[in-house]
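Asker: Under the working numbering, the letters of the sequence shown match residues 6 to 85, in that order. For glycine and all other residues, C-beta sits at the position ideal for the given N, C-alpha and C. A quick note: this is a predicted structure, and the numbers were derived from the prediction, not measured. First the structure, then my questions, so here it is.
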Amino acid sequence: MRNRTILVTGGAGFIGSHIVDRLISEDYRVRVIDNLSTGRIENLKHLEDNPNLEIIKGDLKNEQDTKEAVKGIDTVSHGF
6 MRNRTILVTG GAGFIGSHIV DRLISEDYRV RVIDNLSTGR IENLKHLEDN
56 PNLEIIKGDL KNEQDTKEAV KGIDTVSHGF
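Structure, rendered in structure tokens:
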């Protein structure tokens, strides 16, 4: 199960970044999509060199951003 890729929406926010931390610590591959309207990229800075993390600055209201974000994803978690 650990080879699954999980999308965390709002992953740069306070709650979302903690979800990302936990998933990365358990060896999941994680993709974050966040429009950074309230989230802060600094919340993920300590993971920027982690090969299991991909960050997309995008908005789920944008169809193209959403298509890119969900490609190859096994599970979605909403980070608020």
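Contact check, ASN45 vs GLU59 under 8 Å by CB: the rounded distance?
Answerer: What sits at residue 45 in the sequence shown is Arg, not Asn. Going by Cβ atoms, the distance from ARG45 to GLU59 rounds to 18 Å, so no, they are not a contact pair.
Asker: Use the C-beta contact count for THR43: other C-beta atoms within 10 angstroms, 16 or more gives buried, fewer gives exposed.
Answerer: Classification of THR43: exposed, given that the 10 Å Cβ count is below 16.
Asker: I want to see whether chain B comes within less than 8 Å of THR43, judged by CB atoms only; does it?
Answerer: This model lacks chain B altogether; it includes just one protein chain.
Asker: Just list the residues that DSSP pairs ASP39 with in beta bridges.
Answerer: In DSSP, ASP39 forms a bridge with LYS62.
Asker: Quick one, which of GLY84, GLY77, HIS83 has its alpha-carbon nearest THR10's?
Answerer: Nearest C-alpha to THR10: GLY77.
Asker: Quick one: is SER22 buried, meaning 16 or more other Cβ sit within 10 Å of its Cβ, or exposed?
Answerer: SER22 should be labelled buried.
Asker: Just to confirm, is the Cβ distance from ASP32 to ALA17 under 8 Å?
Answerer: Contact flag unset, no.
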